[in-house]
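Asker:
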Amino acid sequence: MAKYALRAVALGYLMFLLVIPTGLIFWKTFSAGIGPFFEALTSPSALHAFQVTLIVAVWAVVLNTIFGVGTALLLVRRQFPGKRVLNLLVDLPVAVSPVVVGLALILVYGAFSPAGAALAKVGIQIIFSLPGMVLATVFVSLPLVVRAIAPVLEELGTDQEQAALTLGANPIQTFVRITLPGIRWALGYGIVLCLARSLGEYGAVAVVSGRIVDQTQTLTLFVEERFTNFEEGQAYAASVALALIAVVSLLLTKLLRPKEDR
Amino acid sequence: MTTTVVPAGAAAPAGPGQPEKVPVSAGRRQHRAGTAIGLGTAIIYLSLIVLIPLAAVVWKGAGRGPGFFWDAITTPEAKSTLLLTVGASMLVAVLNLVLGTLIAWVLVRDSFPGKTIVDTLIDLPFALPTIVAGLVLLTLYGPKSPLGINLAYQRSGVVVALLFVTLPFVVRTVQPVLLELDRDMEQAAASLGAGPWLTFRRIILPNLLPAMISGTALAFARAIAEYGSTVLISGNIPFKTQVASVQIVSQIESDNMAGAAAVATVLLVVALVVLLTLDLIQRWGARRG
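The listed protein sequences correspond, in order, to chains A and B.
Numbers given in our numbering equal positions in the first sequence, counted from 1, plus 54.
Numbers given in our numbering equal positions in the second sequence, counted from 1, plus 329.
1) Quick one: complete beta strand (DSSP E) runs, 3+ long, within the region 212-276 of chain A?
2) Alpha carbon to alpha carbon, how far is Phe84/A from Ser376/B? Give it in angstroms, no decimals.
3) How would you call Tyr290/A, buried or exposed, if buried means at least 16 neighbouring beta carbons within 10 angstroms?
4) For Gly164/A, which residues of its own chain have a beta-carbon under 6 angstroms away from its beta-carbon, when the five flanking residues on both sides are left out?
5) Quick check on Ala422/B - is its C-beta less than 8 angstroms from some C-beta in chain A?
6) Give the residues of chain A in contact with Leu310/B, contact being defined as C-beta atoms less than 7 angstroms apart.
7) Counting only beta-carbon atoms, is Ser574/B nearer than 8 angstroms to chain A?
8) My output table needs one value for Leu510/B: the three-state DSSP class, helix, strand or coil.
9) Give the secondary structure of Val155/A by DSSP, where H, G and I count as helix, E and B as strand, and everything else as coil.
10) When DSSP labels each residue in this structure, what does Phe493/B get in the three-state scheme?
11) Under 8 angstroms by Cβ, that's how I've got Pro75/A and Leu466/B pegged, so tell me the actual separation to the nearest angstrom.
12) Note down, in chain order, every chain A residue with its Cβ under 9 angstroms from the Cβ of Val613/B.
13) With 8 angstroms as the threshold, decide whether the Cβ of Leu597/B is near any Cβ in chain A.
14) Between Thr445/B, Val387/B and Pro535/B, which has its C-alpha nearest Val162/A's C-alpha?
15) Short of 7 angstroms in beta carbon distance, which residues of its chain neighbour Val595/B, apart from the five on each side in sequence? Order them along the chain.
16) Is there a Cβ of chain B sitting closer than 8 angstroms to that of Glu278/A, yes or no?
17) With DSSP run on the structure shown, which of helix, strand or coil describes Thr404/B?
18) Which one of Ala62/A, Gly66/A, Arg131/A and Leu95/A has the shortest CA to CA distance from Gln216/A?
19) Run the CB neighbour count on Ile226/A, radius 10 Å, all protein chains shown included, and call it buried at 16 or more, exposed below.
20) Check whether the Cβ atoms of Ala103/A and Thr282/A lie closer than 8 angstroms to each other.
21) Taking its Cβ as the centre, do 16 or more other Cβ atoms sit within 10 Å of Phe166/A, making it buried, or is it exposed?
22) Is Gly236/A close to chain B? Criterion is C-beta to C-beta, closer than 8 angstroms.
23) Do Ile237/A and Ile266/A come within 8 angstroms of each other at the CB atom, strictly closer than that value?
24) Taking Cβ positions, are Leu453/B and Leu142/A nearer each other than 8 angstroms?
25) Residues in the region 170-199 of chain A with C-beta within 8 angstroms of chain B's C-beta atoms, listed in sequence order?
26) If I follow the unbroken alpha helix (DSSP H) through Val123/A, where does it start and stop?
27) Compare the C-beta of Ser303/A with all C-beta atoms of chain B and state if any pair is closer than 8 angstroms.
28) Along the region 126-156 of chain A, where does the CB come closer than 8 angstroms to a CB of chain D? Name the residues.
29) Please list, in chain order, the chain A residues whose beta carbon lies closer than 9 angstroms to that of Phe493/B.
30) To the nearest whole angstrom, what separates the beta carbons of Val489/B and Leu480/B, a pair I think is in contact under 8 angstroms?
31) Does DSSP classify Asp145/A as helix, strand or coil?
32) Count the C-beta pairs between the region 108-123 of chain A and the region 191-202 of chain A that are closer than 8 angstroms, then say yes if the count reaches three, no if not.
33) Are Val487/B and Ala422/B close, meaning C-beta to C-beta below 8 angstroms?
34) Could you give the C-beta distance for Val572/B and Leu413/B, rounded to a whole number, given that I count them as a contact under 8 angstroms?
35) With 16 as the cutoff for other CB atoms within 10 Å, does Tyr58/A come out buried or exposed?
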């Protein structure tokens with residue numbers, strides 16, 4: 055009896071918090087057929103938002119993958135003073151509010167700061183343009199790649215790497231031939247997590263982008279702007295597109311998640 | 330001399346003694362140089378993107394002395410916004426503690442058709458962009474609600490949005506611990522005449538407690554920081570539904586950077602305290618385990 059009561063409470067809660075609301079936007083979007091959905095997503099503004107989102111996300115993923123692999127190698131393979139501090143610093147971005155991320159970047163790279171003014175003199179604008187949005191996205195997705203590969207690196211051990219080195223392989227060959235194949239699933243997992251987070255980031259990007267329609271508007275900002283301007287159909291269509299990306303990345307991470315039997 | 334000591338973490342073979350096995354001293358020098366270059370790059374990257382900007386927030390918020398800082402976070406608007414944020418986050422954390430543990434329990438100990446799908450769905454709030462989460466909730470609990478429940482521009486709407494985005498934390502921290510839990514102890518307790526409630530309270534609960542607290546702390550930290558999902562449903566009404574992150578954005582937009590930075594500093598301090606507490610809980614849990 056208690057078993058069924060617990061099951062009912064758990065499933066009921068999930069139904070009303072998660073399943074029905076998410077299902078409802080799919081239903082609202084597709085109830086008029088698939089035509090309006092595509093029409094809304096192929097408007098010039100929507101296409102531009104797609105493009106901006108993709109550029110920002112790809113930059114963020116590339117930067118964080120390079121940083122992530124390097125830092126994971128440092129944290130797991132090397133010994134240096136201050137290792138615990140670096141470990142804590144890598145996790146810090148998870149706990150920071152996206153809005154604070156935006157504010158922080160404006161204070162340092164905005165037009166009224168010394169760094170921002172100096173950069174503006176040589177013609178580089180960070181805030182209210184793409185570089186700032188990339189920085190904000192990098193910030194919020196920073197730990198994902200590191201945390202995905204560090205445990206796998208640790209489990210892998212150094213035996214094979216040592217063997218390769220004693221057999222005359224240089225560090226780059228060792229990394230490409232031995233380490234990289236060992237962590238490839240975890241790396242894929244980290245990259246998918248990072249990409250999903252980057253495509254869906256809203257708060258930090260909202261603050262640093264200045265929300266300029268057709269210029270710095272990403273897909274998430276498009277959703278908010280259309281919704282507040284009573285263009286609900288377009289907001290729902292873009293939301294469904296983002297939700298589909300989320301579902302695909304969720305399934306991909308399930309496939310790639312490191313398991314003991316792999 | 331210290332290199333002769335076997336490192337305690339035998340599971341991590343990357344101990345300091347390892348590189349010495351490479352006989353070539355040039356290789357060792359290269360190894361050291363590699364560490365230095367890598368570390369330098371990582372520190373520059375972290376500094377430019379994370380550390381200097383966060384330091385700038387604290388400097389802007391609290392740099393003019395504690396008196397200014399205190400005044401900035403105790404203006405009527407800032408005070409009400411911070412109290413609402415902390416209050417709502419605490420409520421959300423407690424609800425997550427109970428319901429998250431319950432969901433984890435059902436997912437581990439119960440079996441029913443479609444359980445794998447439910448298990449996958451738990452992660453949806455992490456994958457879904459927060460603004461979409463807000464829109465999704467507004468569709469069911471907004472002015473045009475098919476259920477006739479309108480939580481828009483209400484504090485309860487904020488709580489529902491926070492419950493949505495924090496759902497996975499407790500479930501995903503408690504679930505693995507529950508899976509690993511040895512059933513022998515429970516059976517022993519039951520055979521000695523303990524009822525299900527007593528078994529849960531005396532046997533299961535103490536084992537789950539570190540994970541439950543960790544998950545709750547994570548959910549609390551996330552709720553304090555949350556912006557995207559609350560912005561549409563809260564309607565940003567000062568003194569009623571305005572949470573801290575929403576208030577910071579409107580301060581930025583009205584060019585009051587010092588006020589925004591002061592409230593942001595409070596959020597940063599809370600985040601740091603939670604991170605450090607989690608570190609302590611993990612060590613406590615490891616010692617108990």
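Backbone N, C-alpha and C fix where the C-beta goes; we use that ideal spot for every residue, glycine too.
Answerer: Checking against the coordinates, here is how it stands:
1) none
2) One-based indexing of the second sequence puts residue 376/B at position 47. One-based indexing of the first sequence puts residue 84/A at position 30. C-alpha separation (whole angstroms): 46 angstroms.
3) Along the first sequence, read from residue 1 onward, the residue named residue 290/A stands at position 236. Burial call: buried.
4) Indexing the first sequence from 1 puts residue 164/A at position 110. Once the five neighbours on either side are set aside, the close Cβ partners of Gly164/A are Gly170 and Ile181.
5) Numbered from its first residue, the second sequence carries residue 422/B at position 93. For Ala422/B, the answer is no, since every Cβ of chain A falls outside 8 angstroms of its Cβ.
6) Residue coverage of chain B in this structure runs from 330 to 618, which leaves residue 310/B outside it and unanswerable.
7) Here residue 574/B corresponds to residue number 245 of the second sequence, with the count starting at 1. Closer than 8 angstroms to some Cβ of chain A, the Cβ of Ser574/B qualifies, so yes.
8) Here residue 510/B corresponds to residue number 181 of the second sequence, with the count starting at 1. Residue state, collapsed to three classes: coil.
9) On the first sequence, residue 155/A is found 101 positions in, with the first residue counted as 1. In the structure shown, Val155/A sits in a helix (DSSP, three-state: H, G or I).
10) By one-based count along the second sequence, residue 493/B stands at place 164. Here Phe493/B sits in helix by DSSP.
11) In the first sequence, residue 75/A corresponds to position 21, counting from 1. In the second sequence, residue 466/B corresponds to position 137, counting from 1. Between Leu466/B and Pro75/A the Cβ distance is about 5 angstroms, and since that is below 8 angstroms, they are a contact.
12) As a first step, residue 613/B is located in the second sequence; it is residue number 284 there, counting from the start. Looking at the sequence shown, residue 613/B is not Val but Trp. The premise fails here: Trp613/B is roughly 17 angstroms from chain A at the closest Cβ pair, so nothing lies under 9 angstroms.
13) Your numbering for residue 597/B matches position 268 in the second sequence. Cβ-Cβ to chain A under 8 angstroms: yes for Leu597/B.
14) As a position in the first sequence, residue 162/A is number 108, starting the count at 1. Comparing Cα positions, the closest option is Val387/B.
15) Position 266 of the second sequence holds residue 595/B. Cβ neighbours of Val595/B beyond the five flanking positions: Ile402 and Leu411.
16) On the first sequence, position 224 is the one that residue 278/A refers to. It does; some Cβ of chain B falls within 8 angstroms.
17) Along the second sequence, one-based indexing puts residue 404/B at 75. Here Thr404/B sits in coil by DSSP.
18) Indexing the first sequence from 1 puts residue 216/A at position 162. Answer by Cα proximity: Arg131/A.
19) Against the first sequence, residue 226/A aligns to sequence position 172. With fewer than 16 other Cβ atoms within 10 Å, it is exposed.
20) Position 49 of the first sequence, counted from the first residue, corresponds to residue 103/A. Position 228 of the first sequence, counted from the first residue, corresponds to residue 282/A. No.
21) Your numbering for residue 166/A matches position 112 in the first sequence. Exposed.
22) The sequence position of residue 236/A within the first sequence is 182, counting from 1. For Gly236/A, the answer is no, since every Cβ of chain B falls outside 8 angstroms of its Cβ.
23) Counted from its first residue, the first sequence places residue 266/A at position 212. Counted from its first residue, the first sequence places residue 237/A at position 183. For Ile266/A and Ile237/A, no; Cβs fall outside 8 angstroms.
24) Here residue 453/B corresponds to residue number 124 of the second sequence, with the count starting at 1. Here residue 142/A corresponds to residue number 88 of the first sequence, with the count starting at 1. Going by C-beta atoms, Leu453/B is not nearer than 8 angstroms to Leu142/A.
25) Leu189, Val192, Phe193 and Leu196
26) Mapped onto the first sequence, residue 123/A falls at position 69. Pro98 to Arg131 is the span of the alpha helix (DSSP H), which, as asked, contains Val123/A.
27) By one-based count along the first sequence, residue 303/A stands at place 249. Yes, Ser303/A lies at the interface with chain B (some Cβ there is under 8 angstroms from its Cβ).
28) The question asks about chain D, but that chain is absent: this structure's protein chains are A and B.
29) Here the question's residue 493/B lines up with position 164 in the second sequence. Result: Leu71, Leu72 and Pro75.
30) Numbered from its first residue, the second sequence carries residue 489/B at position 160. Numbered from its first residue, the second sequence carries residue 480/B at position 151. That belief holds up - the Cβ atoms of Val489/B and Leu480/B are roughly 6 angstroms apart, short of 8 angstroms.
31) Position 91 of the first sequence, counted from the first residue, corresponds to residue 145/A. Asp145/A falls in the helix class under three-state DSSP.
32) yes
33) On the second sequence, residue 487/B is found 158 positions in, with the first residue counted as 1. On the second sequence, residue 422/B is found 93 positions in, with the first residue counted as 1. Not a contact, by the Cβ cut-off of 8 angstroms.
34) As a first step, residue 572/B must be located in the second sequence, where it is residue number 243. As a first step, residue 413/B must be located in the second sequence, where it is residue number 84. Correct: roughly 6 angstroms between the Cβ atoms.
35) As a first step, residue 58/A must be located in the first sequence, where it is residue number 4. Exposed: under 16 other Cβ atoms inside 10 Å.
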